[in-house]
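Asks: So in full-length UniProt numbering, spot 106 of the sequence shown is number 106, and the numbers just go up one at a time.
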Amino acid sequence: MSATKHNWTKEEILDIYNKPLMELLYEAATTHRKNHDPNVVQVSTLLSIKTGGCSEDCGYCPQAARYHTNVEGNDLMTVKQVKAQALRAKSTGSSRVCMGAAWRNVKDGEEFDQVLEMVRTINKLDMEVCCTLGMITENQAKRLAEAGLYAYNHNLDSSEEYYKEVISTRGYQDRLDTIDNVRKTNVTVCSGGIIGMGENLEDRAGMLVALSTLNPQPESTPINALVAVEGTPLEDQKPVSIWEMIRMVATTRIVMPETQVRLSAGRTQMTREGQAMCFFAGANSIFAGDKLLTTPNPDVNEDMEMFKELGLNPQKPFTKKVQPQTVEASESKLEALGEKPKWTRPEHTIERNEMAKAKAKAIKQ
Numbered sequence: 001m002s003a004t005k006h007n008w009t010k011e012e013i014l015d016i017y018n019k020p021l022m023e024l025l026y027e028a029a030t031t032h033r034k035n036h037d038p039n040v041v042q043v044s045t046l047l048s049i050k051t052g053g054c055s056e057d058c059g060y061c062p063q064a065a066r067y068h069t070n071v072e073g074n075d076l077m078t079v080k081q082v083k084a085q086a087l088r089a090k091s092t093g094s095s096r097v098c099m100g101a102a103w104r105n106v107k108d109g110e111e112f113d114q115v116l117e118m119v120r121t122i123n124k125l126d127m128e129v130c131c132t133l134g135m136i137t138e139n140q141a142k143r144l145a146e147a148g149l150y151a152y153n154h155n156l157d158s159s160e161e162y163y164k165e166v167i168s169t170r171g172y173q174d175r176l177d178t179i180d181n182v183r184k185t186n187v188t189v190c191s192g193g194i195i196g197m198g199e200n201l202e203d204r205a206g207m208l209v210a211l212s213t214l215n216p217q218p219e220s221t222p223i224n225a226l227v228a229v230e231g232t233p234l235e236d237q238k239p240v241s242i243w244e245m246i247r248m249v250a251t252t253r254i255v256m257p258e259t260q261v262r263l264s265a266g267r268t269q270m271t272r273e274g275q276a277m278c279f280f281a282g283a284n285s286i287f288a289g290d291k292l293l294t295t296p297n298p299d300v301n302e303d304m305e306m307f308k309e310l311g312l313n314p315q316k317p318f319t320k321k322v323q324p325q326t327v328e329a330s331e332s333k334l335e336a337l338g339e340k341p342k343w344t345r346p347e348h349t350i351e352r353n354e355m356a357k358a359k360a361k362a363i364k365q
């Protein structure tokens, strides 16, 4: 196992990112093989359990209520519906189900209780359960852990500096505080970001500084390529090149050697050859299924064909950490506290977000 360094600087990370490609790939692949089986890739399924109607103004997100996109909002799914989707995912090779709800933050009450029951249900299917529900308090994190949650996803999205150019309705520190609340439990952390939002290389390095200096580092880090959706403020952004994705994956692998690097949004624009290069560079997880929350994703059968071509095997559940035990709701020692934390609302003005909001308002009139 490689020694994990927690004091990376932006300059050091940029030096890695900008290495001649063959040198970068060699170092990343060497690091990967020291810490992981290079022929094993985790297959996860991302399920939107509550879609659309979000109050945030994230410039990349078609689920923001203030923008006009083709996303149809749906109420929270039932436990029965989620179980059926989880069984379907398991039958096609997924070892993890990640449930996403378009919430700014978790609120105690009937809906959160329903999510806790979803967690219990999926964990009993012997699948890893991940949730991405927005900001959470320490008590909410403990309740999720008690239900059997394996991982909590809360992406930093970008560097702290560029974050302010994409989102105005929440603060970067809230992201870090949520991760800190998760760390007070036995739940693992999944946190990464998006490239292709108009950021520069320094911002990409800055995001990796923020992630890599966490101690411990996140157990998994999704690297997303922006999927520009019509109606969002970032609809006109050009797709990132495959070389940018390969460099970002390779750099992430070197900087965070033990982390599972997740090849996430943007795979529909990648050839199999491009994805193979990402796996060689250290990516060892993908999301399967026809959608990632609301954006297109390769068909699971195509992914299995690719695995066969490359000699890759799906990772079994609970390979990295033992399965959490589920405590039934009737036996729970924790209760809702009815907390109303004051999560940050910077509310500075982002011109392109305001323009997209005005455009949506005009269309709806």
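Positions of the beta carbon are idealized from the N, C-alpha and C atoms, including for glycine. These figures come from a predicted structure and were not determined experimentally.
1. Tell me which same chain residues have a C-beta within less than 6 Å of the C-beta of residue 92, skipping the five on either side of it?
2. Can you name, in chain order, every residue of its own chain whose Cβ lies under 6 Å from the Cβ of residue 19, other than the five neighbours on each side?
3. Tell me which residues share the same chain as residue 117 and place their Cβ nearer than 6 Å to its Cβ, disregarding the 5 neighbours each side in the sequence.
4. At 3 residues or longer, and completely inside the segment 304-356: list those beta strand (DSSP E) runs for me, N to C.
5. Give a yes or no on whether the C-beta atoms belonging to residue 124 and residue 326 are separated by under 9 Å.
6. May I ask you to report which of helix, strand or coil DSSP gives residue 51?
7. Distance, Cα to Cα, residue 197 vs residue 288?
8. Contact between the segment 222-229 and the segment 261-270 is defined here as three or more beta-carbon pairs at a separation below 8 Å; is this criterion met?
9. I want to know whether the segment 90-104 touches the segment 274-282 - three or more CB-CB distances under 8 Å.
10. Do three or more CB pairs link the segment 182-194 to the segment 148-155 at distances below 8 Å?
11. Note down the Cα distance separating residue 163 from residue 205, rounded to an integer number of angstroms.
12. Suppose only complete runs of 4+ residues qualify. What are the alpha helix (DSSP H) ranges in the segment 212-281, listed by chain order?
13. Of all the options 254, 258, 314, which has the alpha carbon lying nearest to the alpha carbon of residue 24?
14. Go to residue 189, then tell me how far its beta strand (DSSP E) extends in each direction, as first and last residue.
15. Please name the residue in 75, 58, 142 whose C-alpha comes closest to that of residue 155.
16. List the whole-angstrom C-beta distance separating residue 281 from residue 29, where the pair is believed to meet the contact cut-off of C-beta under 8 Å.
17. Helix, strand or coil: how does DSSP classify residue 378 here?
18. For the segment 169-181 against the segment 69-86, are there 3 or more C-beta pairs whose distance is under 8 Å?
19. Which residue comes first and which comes last in the beta strand (DSSP E) that contains residue 285?
20. If I measure Cβ to Cβ from residue 114 and keep anything under 7 Å in the same chain, skipping five residues before and after, which residues do I get?
21. Within 10 angstroms of its Cβ, does residue 105 collect 16 or more other Cβ (buried), or is it exposed?
22. With 16 as the cutoff for other CB atoms within 10 Å, does residue 294 come out buried or exposed?
23. Grab me the residues of residue 218's own chain with a C-beta within less than 7 Å of its C-beta, minus the 5 sequence neighbours each way, in chain order.
24. Taking 9 Å as the threshold (C-beta atoms), are residue 317 and residue 96 in contact?
25. Tell me the residue span of the alpha helix (DSSP H) that contains residue 182.
26. Going by DSSP, which residues form a beta bridge with residue 46?
27. Given that a residue counts as buried once 16 or more other Cβ atoms are within 10 Å of its Cβ, and exposed if not, what is residue 207?
28. Measuring alpha carbon to alpha carbon, tell me which of 161, 311, 248 ends up nearest residue 221.
Replies: Taking the structure as given:
1. 300
2. Close CB contacts of residue 19 within its chain, under the 6 Å cut and outside five residues either way in sequence, are absent.
3. 79
4. none
5. yes
6. It is a strand residue.
7. 23 Å
8. yes
9. The segment 90-104 makes no contact with the segment 274-282, as fewer than three CB pairs between them are under 8 Å.
10. yes
11. Between the alpha carbons of residue 163 and residue 205 lies a gap of roughly 13 Å.
12. 242-255, 272-281
13. 254
14. 188-190
15. 58
16. 7 Å
17. The chain is shown from 1 up to 365; residue 378 falls before or after that span and cannot be answered.
18. no
19. 283-288
20. 76, 79
21. buried
22. Interpretation of residue 294 is limited by its pLDDT of 49, a score under 50 that renders its predicted location unreliable; no figure is taken from the coordinates.
23. 189, 190, 191, 211, 259
24. Taking 9 Å as the cut-off, the beta carbon of residue 96 is found closer than this to the beta carbon of residue 317.
25. DSSP places residue 182 in the uninterrupted alpha helix (DSSP H) bounded by 172-183.
26. 98
27. The residue is buried, with at least 16 neighbouring Cβ atoms inside 10 Å.
28. 248
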